[in-house]
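Working notes, beginning with the structure itself.
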Amino acid sequence: MAVADAPQTMVPDSAAPARPPSHFWRKVRWHALNVYAGLVLLYLFLPISVIIIFSFNDPKGRFNLTWNQFSLDAWKSPFGAPGLESAVILSLVIAFVATAVATALGTLMALALARYNFFGRSSTNFAVFTPMATPEIVMGTSLLTLFVITNQPPLGRSTILIAHIMFCISFVVVTVKARVYGFDKRLEEAAKDLYADEFTTFRKITLPLIMPGVLSAAALAFALSIDDFVVTQFNSGSEVTFPLFIYGASRNGVPVQVNVIGSLIFLIGVGLMLFNLLVQNHRAKSAQAESALLVAEAMSREGKDD
Amino acid sequence: METAKKNTGAAYGLLAPGLGWLVLFFFVPMAFMLVRSLSTHTVDATYHEHYNFDWNLQNYKDAWNNYRGDFQRSFIYAGAATVLAFFIAYPLAYVIAFRGGRWKSLLLLLVIAPFFTNYLIRTIAWETILSDNSVVTQTLRSLHLLSLTDSLGWTSGDRLLATPLAVVTAITYNYLAFMILPLYVSLEKIDPRLLEASLDLYASRVRAFMRVTLPLSLPGVFAGTLLTFIPATGDYINAELLGSAQTRMIGNVIQSKFITFHDYASGAALSFSLMAIVLVLIVLYAKVLGTEDVSTV
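Residue numbers (my numbering), protein chains in the order written: chain A, 729 to 1034; chain B, 219 to 515.
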């Protein structure tokens, strides 16, 4: 691994190391790390550029894996492949509903965990943490086992929804909890002193204060749901979501339109994040980045507590 | 600081719906799966499946006897991908955290952006990148690097696709964000004055990194490696799209048991074994990393 050295701007001259390497080598080391980081960024974008480039391909056979010739056909009819449109719509519907339910349930749980001291609090934290530390295939297969044994509800949209809400809740709880810990409780007490009842206090004070956290959590839940393949595959019955459509198509040739939709999702996502960044100016983080960071933080904490 | 309220009634009211959902659709299914994994599975003459819960350990014995190699392969691939991801991610997270300046947000956006596209589309893109006549494969071939990896057993037949190397490459890529973000979080929190202090005390930069920066970023290392390793062990998409019969992972076996063969009893035993092994590894790992001082998160 490249040996990391401290940024020069932060270290005053007086803090020169005992055996200073020559100025030249220090410069090389400093730049080598930046170059390495740049290469990693390029590597991150390598598959994305392939996806975008191949959305303009006119493949020779059914497989869109080698370049043949330039074509705009797929961009002219992004839903031209049979079954693609309904799959995308189903994924969107499920993502919206799952996000709404998981965000509501998760936010309430986060409030309880962050604000109250009650019997069973640490077991509840454990119950929230476990799904995040379980391989997806284990969740998918155990839910399938349950649904097959109970025979209710039949595999389909409702079972996909149940599963998505389940794995989103933990991430919502973790994200919102971090936000609740951060705010000044005296604001709520002030509202109560002014004779606001519990519900009014919640609606006028608590909710607006934790709203950024709730929105971050919702963005993360949406991203998790719309991208999910594994859990969905086991519990979808005969329903086809966008990821399931791609999987089915991967056996006998993925239509170029999938690359178009993939590119569009990428461009819309990046566009929204950039917009967010520009509007909020300096201390801006995209909602998803922020919640991803909060989850990462929670995981680190959880590891420490073990 | 936190003077938590004692009104437990309200707390349970807030908890009930979400916790109920988790219990009903995470913990109860686990119990069902455990029961099923300890059942005897028979198919009668009319192709009806029967499961008889009789504490039958045969499914676990079969899992061990028939699929040991697949378990091993899964943990080796997942481990290799985690280590690779760590060495790819750490310098990038370091640069963003310490040298990002006002570009921090933009750089983070660049790190997350690739993961907006669907997981399967990304994996299929790797199929193109690693295909037999791609630039990458041809370059490696002309440098005779493929014969080197062939002799190591990482690739075979002078190609990349359908080899362990291809599977590990794609797994590494697909979970990279889970490694970069936690590392960034923990590095970003490090007070630069601690580093200055160590340099003031005549530590070399290498030593300052090893004794100050790296230990302080351990919580991020812990979270990042787990967030990469856990999903990677159960992954079957990368092995299916980029591998061959020789690179089969335990996820592929579980998937075929449930979806192709409808053999829920042995599938459940495999799934449960995977979960158990992962849990044991997490606990061991936490014990090892826990001995370091990670209390200053």
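We put the CB at the ideal spot given by N, CA and C, even for glycine.
At a beta-carbon threshold of 7 Å, the residues of chain A lying near residue 340 (chain B) are 775, ordered along the chain.
Here residue 303 (chain B) has 390, 393, 394, 397, 446 as same chain residues with Cβ atoms under 7 Å from its own Cβ, once five neighbours each way along the sequence are excluded.
Taking 8 Å as the Cβ-Cβ cut-off, the stretch 248-262 of chain B approaches chain A at 248, 250, 251, 254, given in chain order.
Judged by DSSP secondary structure, residue 305 (chain B) falls within the alpha helix (DSSP H) whose first and last residues are 276-317. Taken atom to atom, the span from the alpha-carbon of residue 384 (chain B) to that of residue 349 (chain B) is near 10 Å. What residue 762 (chain A) touches in chain B, judged by beta-carbon distance under 8 Å, is 313, 317, going in chain order. Here the stretch 429-447 of chain B makes contact with the stretch 304-322 of chain B; the two share three or more CB pairs at distances below 8 Å.
Between residue 869 (chain A) and residue 468 (chain B), the C-beta gap is not smaller than 8 Å, which leaves the two residues out of contact. Residue 257 (chain B) has B:271 as its beta-bridge partners, per DSSP.
Rounded to the nearest angstrom, the gap between the Cα atoms of residue 331 (chain B) and residue 479 (chain B) is 38 Å.
Boundaries of the alpha helix (DSSP H) around residue 753 (chain A): 751-782. In this structure, the straight-line span from the alpha carbon of residue 798 (chain A) to that of residue 997 (chain A) is close to 25 Å. Close partners of residue 476 (chain B) in chain A (Cβ separation under 7 Å): 869, 872, 962. Residue contact with chain B for residue 859 (chain A): present (Cβ-Cβ distance below 8 Å to some residue of chain B). By a beta-carbon distance limit of 8 Å, residue 846 (chain A) contacts residue 230 (chain B). Their separation comes to about 7 Å. Listed in chain order, the beta strand (DSSP E) runs fully inside the stretch 365-432 of chain B amount to none, counting runs of at least 3 residues. Runs of the alpha helix (DSSP H) lying entirely within the stretch 429-515 of chain B, each at least 4 residues long, are 436-452, 455-460, 468-473, 482-508 in chain order.
In the DSSP assignment, residue 337 (chain B) falls within the alpha helix (DSSP H) that extends over 337-347. A direct Cα-to-Cα measurement between residue 995 (chain A) and residue 951 (chain A) gives close to 15 Å. The contact set of residue 955 (chain A) on chain B, defined by CB atoms closer than 7 Å, consists of 336, 337 in chain order. Chain A places no beta carbon closer than 8 Å to that of residue 353 (chain B), leaving this residue out of the contacts.
Residue 882 (chain A) sits exposed, since fewer than 16 C-beta atoms from the chains shown fall within 10 Å of its C-beta. Where residue 974 (chain A) is concerned, the enclosing alpha helix (DSSP H) starts and stops at 970-979. Note that the C-beta distance between residue 492 (chain B) and residue 443 (chain B) is not below 8 Å. Taking a contact as a CB-CB distance under 8 Å, the pair residue 966 (chain A) and residue 826 (chain A) does not count as one, their CB atoms being some 19 Å apart. Assignment of alpha helix (DSSP H) within the stretch 809-881 of chain A, counting only whole runs of 4 or more residues, yields 812-843, 849-860, 864-878 in chain order.
Contact check for residue 258 (chain B) against residue 272 (chain B) passes: the beta carbons are separated by less than 8 Å. In the DSSP assignment, residue 798 (chain A) forms a beta bridge with A:785.
In its chain, beyond the 5 residues on either side, 842 have a beta carbon closer than 6 Å to the beta carbon of residue 909 (chain A). Contact between residue 864 (chain A) and residue 959 (chain A) holds, since their C-beta atoms are separated by about 6 Å, short of 8 Å.
Secondary structure of residue 945 (chain A) (DSSP, three-state): helix.
In this structure residue 365 (chain B) is exposed. Its beta-carbon is surrounded by fewer than 16 other beta-carbon atoms within 10 angstroms. Against chain B, a Cβ distance below 7 Å from residue 840 (chain A) picks out 229, 232, 233. Looking only at A:857, A:777, A:896, the smallest Cα-Cα distance to residue 339 (chain B) is reached by A:777.
In its chain, beyond the 5 residues on either side, 785, 786, 787, 788 have a beta carbon closer than 7 Å to the beta carbon of residue 796 (chain A).
Per the C-alpha coordinates, the member of A:873, A:986, A:767, A:834 positioned closest to residue 475 (chain B) is A:873.
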